[in-house]
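Encoded as structure tokens, the structure appears first; notes follow it.
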């Protein structure tokens, strides 16, 4: 009887042990955010320089429904293209950039664009002078037109001289003649090149060009001696020189004029008051006067509007 009870006890204990288990609770993973952002507005990944394109970005929630979001934009290479907070894209230079839209500071979408030269754009250049002597400068300007023929003023232009030993040019378009020879100046902007502009640098003359004349008295007044109008070597300036044999009558308000008439100064240019009624003297000439602008040097009495004498330049 005891053996039978012991056996039943063991059987019961074994059965109970099989009923004891460990409950395992599996943690659920958080739902994945399936919201997304889609950029639109580009019909091609290639754009021309100086273009403006309006981009938009649509934010879709986890169910794929359009929803509002706080958007921001950026360009990875603002030298090539910029984009403002409203999605307005402006192309500036050649190259590639990645445009990225960000919604709620987390969800983003990107597009890559390549900016290429506009084949219909044009660039022409002009200069104030094409013939120089060493030391002279000339100002170049570039005129850039877009594909619609409209002049674009805010365009960066790069200037190049084909022979920098003869002619140098800075990025403001100022060219400086260095030695005798020739050079071609070209400009480029937004992948568009200008036609070359030829500049000839002539050897500096060893003698200055000049015109001289002898004073003759007028209206009963005395005037004699030699007047010489000459170019100043190494510059674009002129000077007027009276020789040591110069003499004229004394009088009030005597002035020196350059004129195209011996008896009138109308249409001429007044220099300064006569420095002396005799002897050597030199007068500077305004920059807008050339060697052949006027044919007479006149000693003129301003108070009485009368010429004391004149020298015809030949």
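Residue numbers (the numbering used here): 1404 to 1717. Glycine included, each C-beta is placed from N, C-alpha and C at the ideal position.
Beta strand (DSSP E) segments (min. 3 residues) lying fully within the region 1568-1646: 1570-1572, 1577-1580, 1584-1592, 1600-1604, 1613-1620, 1629-1634, 1641-1645
Inter-residue Cα distance where the pair is residue 1564 and residue 1708: Reading the chain shown from its first residue, position 161 is the one you call residue 1564. Reading the chain shown from its first residue, position 305 is the one you call residue 1708. Their backbone Cα atoms lie some 54 Å apart in a straight line.
Euclidean distance between Cα positions of residue 1532 and residue 1504: Mapped onto the chain shown, residue 1532 falls at position 129. Mapped onto the chain shown, residue 1504 falls at position 101. Straight-line Cα distance between these residues: approximately 51 Å.
Extent of the continuous beta strand (DSSP E) run through residue 1702: As a first step, residue 1702 must be located in the chain shown, where it is residue number 299. Per DSSP, residue 1702 belongs to the beta strand (DSSP E) from 1699-1704.
Beta-carbon spacing of residue 1657, residue 1677 below 8 Å: Locating residue 1657 in the chain shown gives position 254, where the first residue counts as 1. Locating residue 1677 in the chain shown gives position 274, where the first residue counts as 1. Closer than 8 Å, so yes.
Residue from 1461, 1572, 1576, 1691 whose Cα sits closest to the Cα of residue 1444: In the chain shown, residue 1444 corresponds to position 41, counting from 1. Closest option to residue 1444, Cα to Cα, is 1461.
Among 1475, 1635, 1679, the one whose alpha carbon lies nearest that of residue 1538: Taking the first residue of the chain shown as 1, we reach residue 1538 at position 135. Relative to residue 1538, the option among 1475, 1635, 1679 whose CA is nearest is 1635.
Alpha-carbon to alpha-carbon, residue 1593 and residue 1521: Looking up residue 1521 in the chain shown gives position 118. Looking up residue 1593 in the chain shown gives position 190. Rounded to the nearest angstrom, the two C-alpha atoms are 8 Å apart.
Proximal residues to residue 1698 (C-beta, below 7 Å), its chain only, five neighbours per side dropped: Residue 1698 sits at position 295 when you count from the first residue of the chain shown. Closer than 7 Å at the Cβ level, and outside the excluded window around residue 1698, lie 1663, 1715, 1716.
For residue 1652, three-class secondary structure by DSSP: Counted from its first residue, the chain shown places residue 1652 at position 249. Under the three-state reduction of DSSP, residue 1652 is assigned to coil, being neither helix nor strand.
Secondary structure of residue 1425, DSSP reduced to three states: By 1-based counting over the chain shown, the position of residue 1425 is 22. Because the pLDDT at residue 1425 is just 49, under 50, the model does not fix this residue reliably, and the point stays unresolved.
Residue 1549 in three-state terms, based on DSSP: Position 146 of the chain shown holds residue 1549. In this structure, residue 1549 counts as coil in the three-state DSSP scheme.
Residue 1496 versus residue 1559 - alpha carbon distance: Within the chain shown, residue 1496 is the residue found at index 93, counting from 1. Within the chain shown, residue 1559 is the residue found at index 156, counting from 1. Between residue 1496 and residue 1559, the C-alpha separation is close to 9 Å.
Beta-carbon spacing of residue 1543, residue 1524 below 8 Å: Residue 1543 sits at position 140 when you count from the first residue of the chain shown. Residue 1524 sits at position 121 when you count from the first residue of the chain shown. No, these two residues do not count as a Cβ contact at 8 Å.
Helix, strand or coil at residue 1513 according to DSSP, with G and I counted as helix: To locate residue 1513, count along the chain shown from 1; it is residue 110. Under the three-state reduction of DSSP, residue 1513 is assigned to strand.
When 1506, 1629, 1582, 1570 are compared against residue 1606, the one with the closest alpha-carbon: Counted from its first residue, the chain shown places residue 1606 at position 203. Per the Cα distances, 1582.
Where residue 1648 falls, given that 16 or more other Cβ within 10 Å makes a residue buried: Stepping through the chain shown from its first residue, residue 1648 is reached at position 245. By the 10 Å Cβ count, residue 1648 comes out exposed.
CA-to-CA distance, residue 1463 to residue 1427, given in whole angstroms: Numbered from 1 along the chain shown, position 24 holds the residue referred to as residue 1427. Numbered from 1 along the chain shown, position 60 holds the residue referred to as residue 1463. Note that residue 1427 scores 49 on pLDDT, short of 50, meaning its location in the model is unreliable; the coordinates nonetheless yield the value given after this. Computed Cα separation, rounded: 38 Å.
Distance between beta carbons of residue 1602 and residue 1578, contact taken as under 8 Å: Residue numbering aside, residue 1578 sits at position 175 when the chain shown is read from its first letter. Residue numbering aside, residue 1602 sits at position 199 when the chain shown is read from its first letter. Between residue 1602 and residue 1578 the Cβ distance is about 7 Å, and since that is below 8 Å, they are a contact.
Same chain, Cβ closer than 8 Å to residue 1718, neighbours up to 5 away in sequence not counted: Look at the range of the chain in this structure, 1404 to 1717, and you will see that residue 1718 is not part of it.
Expected contact under 8 Å - CB spacing of residue 1484 and residue 1475 to nearest Å: Within the chain shown, residue 1484 is the residue found at index 81, counting from 1. Within the chain shown, residue 1475 is the residue found at index 72, counting from 1. 16 Å between Cβ atoms; not a contact.
N-terminal and C-terminal residue of the beta strand (DSSP E) that residue 1665 is part of: Taking the first residue of the chain shown as position 1, residue 1665 is located at position 262. No beta strand (DSSP E) contains residue 1665, which DSSP labels as neither H nor E.
Residues near residue 1480 in its chain [Cβ-Cβ closer than 8 Å; skip 5 each side]: In the chain shown, counting from the first residue as 1, residue 1480 sits at position 77. 1498, 1499, 1500, 1501.
Through-space distance from residue 1513 to residue 1469, alpha-carbon basis: Taking the first residue of the chain shown as position 1, residue 1469 is located at position 66. Taking the first residue of the chain shown as position 1, residue 1513 is located at position 110. Approximately 19 Å between the Cα atoms of the pair.
Beta-carbon contacts of residue 1405 that lie in its chain and below 6 Å, excluding the five residues immediately before and after: Position 2 of the chain shown holds residue 1405. Unreliable placement is indicated for residue 1405, whose pLDDT of 47 sits below 50; no coordinate value is reported for it.
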